[in-house]
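Residue numbers (this note's numbering): 45 to 295.
Below: the structure, in structure tokens.
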């Protein structure tokens with residue numbers, strides 16, 4: 045859920061990334077919140093009208109209260125399993141896609157859960173931030189750090205490690221220069237990368253900018269398929285316009 049000065053909205057249904065970015069660019073504040081326990085109970089009850097059992101995958105419990113709330117809500121049902129993916133955004137999406145494939149193929153609930161647990165350590169999730177002003181507004185960095193970053197053209201790289209989002213590196217320079225540095229470091233272990241699919245998950249980038257990023261990526265790793273994916277409103281609030289991430293799996 046996206047909470048603004050004007051009200052509360054369901055991410056992806058009642059508000060979208062472009063609208064939220066425009067809203068916070070105007071200087072107004074917004075933040076994201078997980079659904080309540082009651083919200084999850086209603087959601088699970090609806091899903092159980094369509095299936096005998098539900099496996100619900102959440103973003104990392106160290107990033108959001110979604111896992112905690114969903115787990116509490118699941119106690120009201122005998123056939124709902126809640127799994128913490130340890131990831132967010134398209135990183136979580138990788139696990140959801142593979143889990144759905146397994147379920148559609150007739151795999152048992154226990155086997156699907158086992159598959160999910162094995163996959164968690166193979167997903168790589170990171171983002172490079174273009175403007176640290178958004179991290180300041182989200183309370184992720186101090187005003188002093190924000191001033192230093194702007195003065196020296198510092199661009200933090202946010203990485204997910206053990207379920208926590210943290211600054212894993214910094215890149216210094218102009219926008220295009222730091223893009224190249226980030227891409228080269230993110231794809232450094234090219235031999236282990238599963239080349240079937242890459243998500244370029246972004247907030248507010250143009251199609252031309254995404255094509256330029258893909259061109260740099262393909263010089264390093266030739267992926268079979270590259271998907272440009274808009275970041276959710278909740279991710280965009282924290283990363284801001286111009287941020288993007290390379291999300292992929294290891295073999």
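Cβ atoms here follow ideal geometry from the backbone N, Cα and C, with glycine treated the same way.
Boundaries of the alpha helix (DSSP H) in which residue i is found, first to last residue
i           : result
residue 131 : Where residue 131 is concerned, there is no enclosing alpha helix (DSSP H), given that its DSSP letter is neither H nor E.
residue 68  : 61-69
residue 88  : 81-91
residue 106 : First-last for residue 106: undefined, no H or E at that position.
residue 99  : Where residue 99 is concerned, there is no enclosing alpha helix (DSSP H), although the beta strand (DSSP E) it sits in stretches over 98-102.
First and last residue of the uninterrupted beta strand (DSSP E) at residue i
i           : result
residue 243 : 242-246
residue 172 : 170-172
residue 291 : 288-293
residue 76  : 74-76
residue 154 : Residue 154 -> not in any beta strand (DSSP E); alpha helix (DSSP H) instead, spanning 153-163.
C-alpha gap between residue i and residue j, whole angstroms
i           : j           : result
residue 58  : residue 45  : 9 Å
residue 235 : residue 165 : 17 Å
residue 167 : residue 205 : 10 Å
residue 50  : residue 282 : 19 Å
residue 153 : residue 124 : 10 Å
residue 203 : residue 87  : 30 Å
residue 239 : residue 137 : 16 Å
residue 219 : residue 293 : 26 Å
residue 147 : residue 127 : 15 Å
residue 141 : residue 55  : 20 Å
residue 256 : residue 173 : 17 Å
residue 155 : residue 71  : 48 Å
residue 187 : residue 60  : 28 Å
residue 171 : residue 288 : 5 Å
residue 212 : residue 231 : 14 Å
residue 196 : residue 249 : 23 Å
residue 110 : residue 210 : 19 Å
residue 145 : residue 241 : 15 Å
Cut-off 8 Å between Cβ atoms - residues of its own chain near residue i, not counting five sequence neighbours on either side
i          : result
residue 82 : 117
Neighbourhood of residue i by C-beta distance below 6 Å, restricted to the same chain and skipping five residues each side
i           : result
residue 207 : 104, 106 and 130
residue 214 : 198 and 200
residue 68  : 74
residue 290 : 230
residue 134 : 243, 245, 273 and 291
Contacts around residue i, its chain only, beta-carbon distance under 7 Å, and the 5 residues preceding and following it disregarded
i           : result
residue 175 : 284, 285 and 286
residue 64  : 46, 74, 277, 280 and 281
Using 8 Å as the cut-off, can you tell me whether the region 74-91 makes contact with the region 271-288, which would need three or more C-beta pairs spanning the two stretches below that distance? yes
Is there contact between the region 261-277 and the region 227-245, where contact requires at least three CB pairs shorter than 8 Å? yes
Pair every Cβ in the region 89-103 with every Cβ in the region 149-166, then say whether three or more of these pairs are closer than 8 Å. yes
Per the contact definition of three or more C-beta pairs closer than 8 Å, is the region 219-226 in contact with the region 111-122? no
Flag this pair as touching only if the region 255-268 and the region 190-197 have three or more C-beta atom pairs under 8 Å; answer yes or no. The answer is no - the region 190-197 does not touch the region 255-268, with fewer than three Cβ pairs under 8 Å.
Would you mind listing the beta strand (DSSP E) stretches within the region 211-291 that are 3+ residues and don't spill past its ends, in chain order? Contiguous beta strand (DSSP E) elements confined to the region 211-291 occur at 242-246 and 270-274, taking only those with 3 or more residues.
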